[in-house]
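Undergrad: Each step along the sequence shown adds one to the number in the numbering used here, with nothing skipped, and position 187 is 189. Before I ask anything, let me first share the structure, which is written out below as structure tokens.
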Amino acid sequence: MLAAERHRKIIEKLEQLGAVKVSELSEQFGVTEKTVREDLEKLEEKGLLKRTHGGAVVEQEGEDSLYPLQFPNSKHQQEKAAIAALALSCIEDNDIIALDAGSTTLEMAKKLPNMPVTVLTNDLLIIRELTLKDQVRLVIPGGYRHNNLLIGAESQEWIKRLNVHKLFLSTTGIHLEYGLTIFTEELSKLKTLYMDNAKTVYCLADHSKFDKGALITFAGLDEIDCIITDDGIAPEVAAKYEALHIKMMKAQLPESGRRTRGRT
3 MLAAERHRKI IEKLEQLGAV KVSELSEQFG VTEKTVREDL EKLEEKGLLK RTHGGAVVEQ
63 EGEDSLYPLQ FPNSKHQQEK AAIAALALSC IEDNDIIALD AGSTTLEMAK KLPNMPVTVL
123 TNDLLIIREL TLKDQVRLVI PGGYRHNNLL IGAESQEWIK RLNVHKLFLS TTGIHLEYGL
183 TIFTEELSKL KTLYMDNAKT VYCLADHSKF DKGALITFAG LDEIDCIITD DGIAPEVAAK
243 YEALHIKMMK AQLPESGRRT RGRT
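Here it is as structure tokens:
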């Protein structure tokens, strides 16, 4: 069994049980306990779990679900709303934009004024929000429904023929070494396709996603024009990424949001 497959199964077991044991994983995978401990160490480096004596538990401070194809989560909702509002300030009349699937891009769709723009998206929740805005021209690729997404090889071929001014991209994690990461290869291909056809790429990520990595890298940091995050990002963390000459925009939370965040 390849290491990537072991990692995926460890993640799935953690999601189900909340904890795993080295001895049980060693027996399940047919590998040594040393190999399992190395697997857990790599996953801990990516912020996906916390090692314990003889095993590991779910990392509670990371992204709240290890499965990417699901309805968007509600953690850090105030931060995501602020990021979405700031991202909307980058959009002008008659822009052609792409909204990647995700909870922050969904916030963008909710807040997007009824204005003359073209929006490309494969997220059914975003589509639902935009259908009531008659000035927004919706462009929807084909494919089959998987949870809240439309995916399929045919739709990917169709997207290749489109020209997108601005892409608003979601990610599971941002890491100096791993870049932008996600868990599934199929979604990775779609994100790469969006990027290949976009003139300007904005990555939307709240502060909790920095220095975290999922299993699959779909883009390097040098492929991003701008990261839009919130002012909860630690200055020393922001400085590491800004040192790579990546433009970074930081959304400011209302004072009430800061007080709430400080208690959590």
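Note that the Cβ used here is the ideal one computed from N, Cα and C, for glycine as well.
Mapping the DSSP letters down to three states, classify residue 33 as helix, strand or coil.
TA: Translated into positions along the sequence shown, residue 33 becomes position 31. Here residue 33 sits in coil by DSSP.
Undergrad: What are the partner residues of residue 22, as DSSP defines its beta bridges?
TA: Within the sequence shown, the letter at position 20 stands for residue 22. 58.
Undergrad: Tell me whether residue 86 sits in a helix, a strand or coil according to DSSP, three-state version.
TA: Sequence index remark: in the sequence shown, residue 86 carries index 84 (1-based). Helix, per DSSP.
Undergrad: How would you write the range of the beta strand (DSSP E) that residue 98 sits in, first residue to last?
TA: One-based indexing of the sequence shown puts residue 98 at position 96. Segment 98-101, the beta strand (DSSP E) holding residue 98.
Undergrad: Taking just the CA atoms, how far does residue 144 sit from residue 154?
TA: Translated into the one-based positions of the sequence shown, residue 154 becomes position 152. Translated into the one-based positions of the sequence shown, residue 144 becomes position 142. Approximately 7 Å between the Cα atoms of the pair.
Undergrad: Using DSSP bridges, identify the partner residues of residue 170.
TA: Here residue 170 is taken as the residue at index 168 of the sequence shown, counted from 1. DSSP lists 101, 204 as partners of residue 170.
Undergrad: By Cβ distance, which residues of its chain are closer than 7 Å to residue 41, with the 5 residues on each side in sequence left out?
TA: Position 39 of the sequence shown holds residue 41. Correct list, in chain order: 5, 8, 9, 12.
Undergrad: Would you kindly work out how many angstroms separate the C-alpha atoms of residue 200 and residue 137, rounded to a whole number?
TA: Position 198 of the sequence shown holds residue 200. Position 135 of the sequence shown holds residue 137. About 22 Å.
Undergrad: Under a three-way DSSP split, which group does residue 139 fall into?
TA: Counting from one through the sequence shown, the residue named residue 139 turns up at place 137. The answer is strand: DSSP assigns residue 139 an E or B state.
Undergrad: At the level of alpha carbons, what is the spacing between residue 280 and residue 195?
TA: Residue 280 is absent from the model: the chain starts at 3 and stops at 266.
Undergrad: With a threshold of 6 Å on Cβ separation, who are the neighbours of residue 32 within its own chain once the five nearest residues in sequence on each side are excluded?
TA: For the purposes of this step, residue 32 is taken as residue 30 along the sequence shown, with counting starting at 1. Nothing listed; no residue qualifies.
Undergrad: Taking the C-alpha atoms as reference points, what is the distance between residue 241 and residue 186?
TA: Position 239 of the sequence shown, counted from the start, is the residue given in the question as residue 241. Position 184 of the sequence shown, counted from the start, is the residue given in the question as residue 186. Approximately 29 Å, taken between the alpha carbons.
Undergrad: So, residue 57 versus residue 21, is the Cβ gap smaller than 8 Å?
TA: Along the sequence shown, one-based indexing puts residue 57 at 55. Along the sequence shown, one-based indexing puts residue 21 at 19. Yes. Within cutoff.
Undergrad: In three-state terms, what does DSSP make of residue 146?
TA: The residue labelled residue 146 in the question sits at position 144 within the sequence shown. Reduced to three states, the DSSP call for residue 146 is strand.
Undergrad: Just to confirm, is the Cβ distance from residue 209 to residue 227 under 8 Å?
TA: Residue mapping note: residue 209 aligns to position 207 of the sequence shown, counting from 1. Residue mapping note: residue 227 aligns to position 225 of the sequence shown, counting from 1. No. Outside cutoff.
Undergrad: State the start and end residues of the unbroken beta strand (DSSP E) segment that holds residue 48.
TA: The count along the sequence shown starts at 1 and reaches residue 48 at position 46. Note, residue 48: premise wrong, no beta strand (DSSP E); not H, not E.
Undergrad: Given residue 39, which residues of its chain have a CB within under 7 Å of its CB, disregarding the five upstream and five downstream residues?
TA: Locating residue 39 in the sequence shown gives position 37, where the first residue counts as 1. Answer for residue 39: 24, listed in chain order.
Undergrad: Check whether the Cβ atoms of residue 203 and residue 169 lie closer than 8 Å to each other.
TA: By 1-based counting over the sequence shown, the position of residue 203 is 201. By 1-based counting over the sequence shown, the position of residue 169 is 167. Yes, they are a contact pair.
Undergrad: Could you spell out the range, first to last residue, of the alpha helix (DSSP H) harbouring residue 128?
TA: In the sequence shown, residue 128 corresponds to position 126, counting from 1. Looking at the DSSP string, the run of the alpha helix (DSSP H) that includes residue 128 is 126-132.
Undergrad: For residue 198 and residue 26, I'd like the C-alpha separation in whole angstroms.
TA: On the sequence shown, residue 198 is found 196 positions in, with the first residue counted as 1. On the sequence shown, residue 26 is found 24 positions in, with the first residue counted as 1. Roughly 43 Å between the two C-alpha positions.
Undergrad: With respect to the alpha helix (DSSP H) encompassing residue 250, which residues constitute its N-terminal and C-terminal limits?
TA: Reading the sequence shown from its first residue, position 248 is the one you call residue 250. Unbroken run through residue 250 is the beta strand (DSSP E), 249-253; no alpha helix (DSSP H).
Undergrad: Can you list, in chain order, the residues of its chain whose CB lies under 8 Å from that of residue 223, leaving out five sequence neighbours each side?
TA: Translated into the one-based positions of the sequence shown, residue 223 becomes position 221. Cβ within range, chain order: 176, 178, 181, 182, 243, 246, 248.
Undergrad: Output needed for residue 72: all residues of its chain with C-beta closer than 7 Å, excluding positions within five of it in sequence on either side, in chain order.
TA: As a first step, residue 72 must be located in the sequence shown, where it is residue number 70. Legend: pLDDT at residue 72 = 46, less than 50; position of this residue unreliable, value from coordinates given subsequently. The answer, listed in chain order, is 149.
Undergrad: Go ahead and label residue 95 buried or exposed: buried means 16 or more other beta carbons lie within 10 angstroms of its beta carbon, across all protein chains shown.
TA: Reading the sequence shown from its first residue, position 93 is the one you call residue 95. The residue in question, residue 95, is exposed, as its Cβ has fewer than 16 Cβ neighbours within 10 Å.
Undergrad: Checking the sheet assignment: what are the DSSP bridge partners for residue 232?
TA: Numbered from 1 along the sequence shown, position 230 holds the residue referred to as residue 232. Answer is 253.
Undergrad: Strictly by DSSP, which residues pair up with residue 38?
TA: By one-based count along the sequence shown, residue 38 stands at place 36. Paired residues: none, contrary to the question.
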